[in-house]
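A.B. asks:
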Amino acid sequence: MSDIINQRPPKPDVSITIPIYNEVENLDRLESQLFAVIDLMQESVEVIAVNDGSTDGSKIKLEQICKRRKTFKVVNFHRNSGQTAALMAGIDYSQGDIIVALDADLQNDPKDIPSLLQKLDEGYDVVSGWRKKRKDAAIRRNLVSRIANRLISKISGVHLHDYGCTLKAYRRDVIIGFRLYGEMHRFIPIYATWMGARVTEIPVTHHARQFGQSKYGLSRVYRVLLDLIVIKFLERYLTKPIYLFGGIGALSIAISIMLFAYAVYLKLFQGVSFILTPLPILCTFTFLIGVISILMGLLAEILTRVYFETGNKLAYSVASKHNIEEKLIKKL
109 MSDIINQRPP KPDVSITIPI YNEVENLDRL ESQLFAVIDL MQESVEVIAV
159 NDGSTDGSKI KLEQICKRRK TFKVVNFHRN SGQTAALMAG IDYSQGDIIV
209 ALDADLQNDP KDIPSLLQKL DEGYDVVSGW RKKRKDAAIR RNLVSRIANR
259 LISKISGVHL HDYGCTLKAY RRDVIIGFRL YGEMHRFIPI YATWMGARVT
309 EIPVTHHARQ FGQSKYGLSR VYRVLLDLIV IKFLERYLTK PIYLFGGIGA
359 LSIAISIMLF AYAVYLKLFQ GVSFILTPLP ILCTFTFLIG VISILMGLLA
409 EILTRVYFET GNKLAYSVAS KHNIEEKLIK KL
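In structure tokens, the structure reads:
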């Protein structure tokens with residue numbers, strides 16, 4: 109009898125991870141709507157709520173829910189670390205073979221979760237939600253989002269209508285090993301594609317926000333674009349950064365040589381003194397840029413080796429956990 113009591117509960121089939129930052133007004137509704145869906149699902153489900161340093165009482169509310177529902181697990185951060193870090197923590201502390209990411213503001217509808225899982229059953233590895241009828245500001249949010257999504261699809265080669273939709277479902281084995289930073293959680297489908305995953309999307313319901321304030325603004329756009337540059341760099345040059353920096357360096361040195369040759373030509377055949385043209389200065393600058401670029405490439409090669417040969421480092425700091433055993437953390 110004691111062996112049965114002490115036995116660890118069975119591993120869940122699905123883990124729903126929810127990043128939360130100052131959403132206290134939405135949490136009761138989130139609990140009721142989410143578990144109304146979970147109670148009808150055939151799969152066993154756990155919920156990993158990651159409190160990203162909330163200051164509005166979300167921590168207390170989450171711990172109250174945690175006491176009522178044993179499958180509702182909470183990770184509290186010491187401070188606000190961002191949505192990407194919160195999603196990464198949810199993945200790290202999850203156990204399910206399928207991971208579903210969901211926002212806490214209920215603009216995503218938990219009723220769409222079974223549809224995502226059904227699409228995974230068709231053989232896909234990542235299913236992304238597409239807010240086809242988005243209930244946000246027409247210009248400030250919708251138009252900017254459409255432009256950004258087209259740009260991301262064009263540059264990455266992974267064509268999705270809505271990278272910014274948090275509601276996505278992943279098979280665990282296609283996202284093992286990813287460490288995400290900045291705003292890169294939205295690029296998980298791109299990472300998964302690198303691993304040979306099959307990626308698709310389905311339309312999902314989108315509601316207007318009822319309580320609280322959106323954490324997203326126009327300032328996020330340029331950060332996303334910078335992160336996209338990082339993604340493209342990692343795709344092409346992660347293992348050989350010297351190809352990029354060395355190429356730039358070689359081009360700069362070649363330009364420097366041509367400028368020097370032209371300055372000598374002007375001196376010998378046109379009688380133009382070096383001090384009468386900017387060519388010697390340009391020659392010096394381009395040569396130095398070339399040397400510095402090559403040195404940066406060598407430094408990047410060293411850092412690449414450090415990256416691959418050292419252990420993973422987390423992008424967040426956990427203050428406390430509830431209903432989570434210490435041994436369950438996954439070092440992905």
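Start counting at 1 in the sequence shown, then tack on 108, and there's your number in our numbering. In this text, a Cβ means the ideal position worked out from N, Cα and C, and glycines have one as well. This one's a predicted model, so the numbers in the text were calculated from it and none came from an experiment.
1. Excluding the 5 residues preceding and the 5 following LYS241 in the sequence, name in chain order all residues of the same chain whose CB lies nearer than 7 Å to its CB.
2. Have a look at ALA371, TYR289, GLN378 and flag the residue whose alpha-carbon is nearest the alpha-carbon of LEU51.
3. DSSP state of ARG258, grouped into three classes?
4. Determine the direct distance from the alpha carbon of PRO222 to that of ASP229, and round the result to whole angstroms.
5. Kindly indicate which three-state DSSP category HIS430 falls into: helix, strand or coil?
6. When the distance is taken between beta carbons, is VAL153 closer than 8 Å to ILE124?
7. Measure the alpha-carbon distance for GLN172 versus ASP217 and round it to whole angstroms.
8. Helix or strand or just coil, what does DSSP make of SER381?
9. Hey, is the segment 264-277 in contact with the segment 293-308, meaning 3+ C-beta pairs nearer than 8 Å?
10. At what residue ranges does the segment 276-309 contain a whole run of the beta strand (DSSP E), taking only runs of 3 or more?
11. With DSSP as the reference, label LYS241 as helix, strand or coil.
12. The ligand SAH and LYS181: does any heavy atom of the ligand fall closer than 7 Å to the residue's C-beta?
13. Kindly indicate which residue of LEU359, PHE286, GLY272 has the alpha-carbon position closest to the one of GLY446.
14. How is ASN216 classed by DSSP in three states: helix, strand or coil?
15. For ILE397, collect the residues of the same chain with a Cβ closer than 6 Å to its Cβ; drop the 5 residues on either side in sequence, then sort them by chain order.
16. Is ASN159 helix, strand or coil by DSSP?
17. Grab me the residues of VAL380's own chain with a C-beta within less than 6 Å of its C-beta, minus the 5 sequence neighbours each way, in chain order.
18. Please classify THR347: is it buried, with 16 or more other beta-carbons within 10 angstroms of its beta-carbon, or exposed?
19. Which residues share a DSSP beta bridge with THR125?
20. Keeping to the same chain, check which residues put their C-beta closer than 6 Å to that of LEU142; ignore five residues upstream and five downstream.
21. For the alpha helix (DSSP H) holding VAL182, just list the boundary residues, first then last.
C.D. replies: Answer, in terms of the structure:
1. Contacts found: HIS314.
2. Since the first residue of the chain shown is 109 and the last is 440, residue 51 is not available in this structure.
3. ARG258: helix per DSSP, three-state reduction.
4. Those two C-alpha atoms are separated by around 11 Å.
5. HIS430: strand per DSSP, three-state reduction.
6. A distance below 8 Å separates the beta carbons of ILE124 and VAL153.
7. Approximately 22 Å between the Cα atoms of the pair.
8. SER381: coil per DSSP, three-state reduction.
9. These segments touch.
10. Fully contained in the segment 276-309 are the following beta strand (DSSP E) runs of length 3 or more, in chain order: 276-279.
11. Coil at LYS241, not helix or strand.
12. What this structure holds is no ligand at all, so the ligand SAH is not there to describe.
13. Residue 446 lies beyond the residue range present for the chain, which begins at 109 and ends at 440; the question has no answer from this structure.
14. Reduced to three states, the DSSP call for ASN216 is strand.
15. Closer than 6 Å at the Cβ level, and outside the excluded window around ILE397, lie SER360.
16. Note: ASN159 maps to strand in three-state DSSP.
17. Cβ within range, chain order: LEU374.
18. Sixteen is the threshold: since fewer than 16 other Cβ atoms of the shown chains lie within 10 Å of the Cβ of THR347, the residue is exposed.
19. The partner list for THR125 (beta bridge, DSSP) reads ILE156, ALA209.
20. PRO218.
21. That residue, VAL182, is in no alpha helix (DSSP H); its beta strand (DSSP E) goes 180-185.
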